[in-house]
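Chemist: This is the structure I have questions about; it appears just below.
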Amino acid sequence: MYIESIELENIRTFETKTKLQLVHPDRVYQSEGIAGSDAMPEPTLNNVNLLFGDNASGKTTLLESIALASLGPTATDSRISPRPLIRFKRETQSKESKKTVSLRKWDASICVELVLHGDEFLDIDRENNKSIGISELRIRKRGELESFFFHEERERDGNVNWDRAYESDNESFFIVAYGATRRVDPKAASGQSMSKSSKFGRANRVESVMMEGYPMIPLQSWFLDQRRGKRHDEIIGLVNQLLGQESFVFDGVESDDDFLFSKGGMDIPSKSLSDGYRAFLGWTTDLLYHLDFASQRSNKKLNEIPGVVLVDEIDLHLHPKWQMNVIKTVAETFPRLQFIFTSHSPLIAGTVEWMNIIHLKLGQLHRTIADQFQESIHGLDADQILVSSLFGLESTRAEPKRDQLRDLTIRARRGDDNAAKQLIQEMARGLEAKK
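Dropping the structure here:
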């Protein structure tokens, strides 16, 4: 399964109906002589989407909405509990107006077009080669409570085999999500982890974008069972591919109920790694766990399984050097997964092409405007990207320094030679005095 598009209406900052097309490995791109091909050229990383925008512009809302709608009809039975979805409005309506609104069957909606694979089709439709299915959730608010229900139209989405979604141990409709407050739960290794809000495995995979501090599954809680499993060596290889060269090496060696990572002749337990490594390995090894669990009855390699992965703040705890490689590394390690990332980092933005970027802006009355980004920024440095339309900064300098340089520039343009010389000097040094 991939997400072809998502359409939101009256969901938080998305008040007016907003539809976005997403990049995925099966998307058909610009091609001469092929009817129906996409007008956009194919990006180098054809499985990556990057959501960029100010705080509160709706990036996390998009991730939550995709996660919910991708559950299809199981969303209503899984007891999953997102934050309030319907756009808040002050009670300024008349009684007659409120009466009219109360007669409506729904107040907001999320609709995704799904690209289907394998058993996600119904048998009766395989011969028709229908690859697109629909999942639509409609939300109704009554008093303090919101309820959502799956809206099905047989002629529109009857080719989707939703029965596969009611079980978690298959690779159909695979989706995993990681929120910005994600963390590894050390108690999970000893079986003392906090209980999930849902006992349904598919719902547990996406709750991280809806709950603060939602725990991920640590490597030591499941990989020990793989020592004699068919995927033991495969998982070790994928972990090392994710870490990259000149980094720690993982060979599956365990000590005191923890796995060791080696570098420069030194072995370090995973719990003693830096925050950056633990944060990155936390969600990537959790992803490997879910891929492994979902493919128990499959002969596919883990990096051959299609699906969707949502990651809020992909640059969380990562050094700038790592930020410049993380998306490419993850995307190339799992070429059949569709990734939807968010970030505020100009270094992250510079590693992808404009075709990968969706730009979210807040308009009047706190309404989100979402568009395909059109400006080429791939390969620009951080300062250039920060003053591009993606970030919209006037300058990357601190305000006092900016004011000083502006004053010197004005004086230099008026013929002040000393100001011109000082301008050149000041552009290369900070305001504070050296020791």
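According to the numbering used here, the sequence shown is numbered sequentially starting from 1054. Virtual Cβ for every residue (Gly too), placed ideally from N, Cα, C. Computed from a prediction, not measured in an experiment: that's the story for all the values here.
Can you give me the C-alpha to C-alpha distance between L1190 and I1422, rounded to a whole angstrom?
Modeler: 21 Å
Chemist: Pick helix, strand or coil for D1434, following the three-state DSSP scheme.
Modeler: DSSP places D1434 in coil when its eight states are reduced to three.
Chemist: So, does the segment 1355 to 1362 touch the segment 1374 to 1393, judging by three or more C-beta pairs under 8 Å?
Modeler: Inter-segment contact for the segment 1355 to 1362 and the segment 1374 to 1393 is present: three or more beta-carbon pairs are separated by less than 8 Å.
Chemist: Mark T1153 as exposed unless 16 or more other C-beta atoms lie within 10 angstroms of its C-beta, in which case mark it buried.
Modeler: Because T1153 sits at a pLDDT of 45, beneath the cut-off of 50, its placement in the model cannot be relied upon, and the following sentence gives the value as read from the coordinates. T1153 is exposed by the Cβ-count criterion.
Chemist: Residue range of the beta strand (DSSP E) that E1260 falls in?
Modeler: E1260 -> no beta strand (DSSP E), and no H or E assigned at all.
Chemist: Taking only the alpha-carbon atoms, compute the straight-line gap between L1342 and P1094 and give it to the nearest angstrom.
Modeler: Note on residue identity: the sequence assigns Tyr, not Leu, to residue 1342. Between the alpha carbons of Y1342 and P1094 lies a gap of roughly 34 Å.
Chemist: Among residues of its own chain, excluding the 5 on either side of T1338, which ones have a beta-carbon nearer than 7 Å to its beta-carbon?
Modeler: L1272, V1292
Chemist: When you compare the CB positions of L1138 and D1365, do they come within less than 7 Å of one another, or not?
Modeler: no
Chemist: Quick one: which unbroken beta strand (DSSP E) runs of 3-plus residues sit fully inside the segment 1360 to 1432? Chain order, please.
Modeler: 1360 to 1364, 1390 to 1395, 1410 to 1415, 1421 to 1425
Chemist: Taking the straight line between their C-alpha atoms, what separation do you get for S1147 and E1197?
Modeler: Confidence is the limiting factor: at S1147 the pLDDT is only 46, short of 50, which leaves the residue's position unreliable and the question unanswerable from this model.
Chemist: Just list the residues that DSSP pairs P1096 with in beta bridges.
Modeler: Paired residue(s): none; P1096 is not in a bridge.
Chemist: Alpha carbon to alpha carbon, how far is R1467 from L1458? Give it in angstroms, no decimals.
Modeler: Whole-angstrom Cα-Cα distance: 14 Å.
Chemist: Quick one: grab the DSSP three-state call for Q1273.
Modeler: helix
Chemist: Using three-state DSSP, classify T1449 as helix, strand or coil.
Modeler: Taken through DSSP and simplified to helix, strand or coil, T1449 comes out as coil.
Chemist: At which residues does the beta strand (DSSP E) containing N1063 begin and terminate?
Modeler: From DSSP, N1063 is part of no beta strand (DSSP E); its letter is neither H nor E.
Chemist: Report the CB separation of A1128 from F1201 in whole angstroms; it is logged as a contact under 8 Å.
Modeler: Correct: roughly 7 Å between the Cβ atoms.
Chemist: Might you give, ordered along the chain, the residues of its own chain that have their beta carbon closer than 6 Å to the beta carbon of G1125, omitting 5 neighbours on each side?
Modeler: S1188, W1215, A1218
Chemist: Let me know if E1447 comes out buried or exposed under the rule of 16 or more other beta-carbons within 10 Å of its beta-carbon.
Modeler: exposed
Chemist: Could you spell out the range, first to last residue, of the alpha helix (DSSP H) harbouring I1477?
Modeler: 1470 to 1479
Chemist: Report all residues from its chain with a CB closer than 8 Å to the CB of I1380; omit the five preceding and five following residues, and keep chain order.
Modeler: L1098, V1101, L1103, I1367, F1392, F1394, I1401, T1404, V1405
Chemist: Taking DSSP as the reference, what is the three-state secondary structure of K1496?
Modeler: What is shown of the chain runs 1054 to 1488, which leaves residue 1496 out entirely.
Chemist: With H, G and I counted as helix, E and B as strand and the rest as coil, what does DSSP make of F1203?
Modeler: strand
Chemist: For the beta strand (DSSP E) that contains L1103, what are its first and last residues?
Modeler: That run of the beta strand (DSSP E) goes 1101 to 1106.
Chemist: Using CA coordinates, which residue listed in S1221, L1413, I1163, E1220 is at the minimum distance from F1203?
Modeler: I1163
Chemist: Anyone know if the C-beta pair for K1491 and E1062 falls short of 7 Å?
Modeler: Any property of residue 1491 remains undetermined from this structure, which presents the chain solely from 1054 to 1488.
Chemist: Is it buried or exposed for S1315, if we count other Cβ within 10 angstroms and need 16 for buried?
Modeler: exposed
Chemist: From R1331 to K1283, what does the alpha carbon distance come to, in whole angstroms?
Modeler: About 26 Å.
Chemist: Please state if the CB of E1224 and the CB of A1347 are separated by a distance shorter than 7 Å.
Modeler: yes
Chemist: Could you pull the start and end residues of the beta strand (DSSP E) that F1303 belongs to?
Modeler: 1302 to 1308
Chemist: For G1232, count the other beta carbons within 10 Å of its own beta carbon; 16 or more makes it buried, fewer makes it exposed. Which is it?
Modeler: Classification for G1232: buried.
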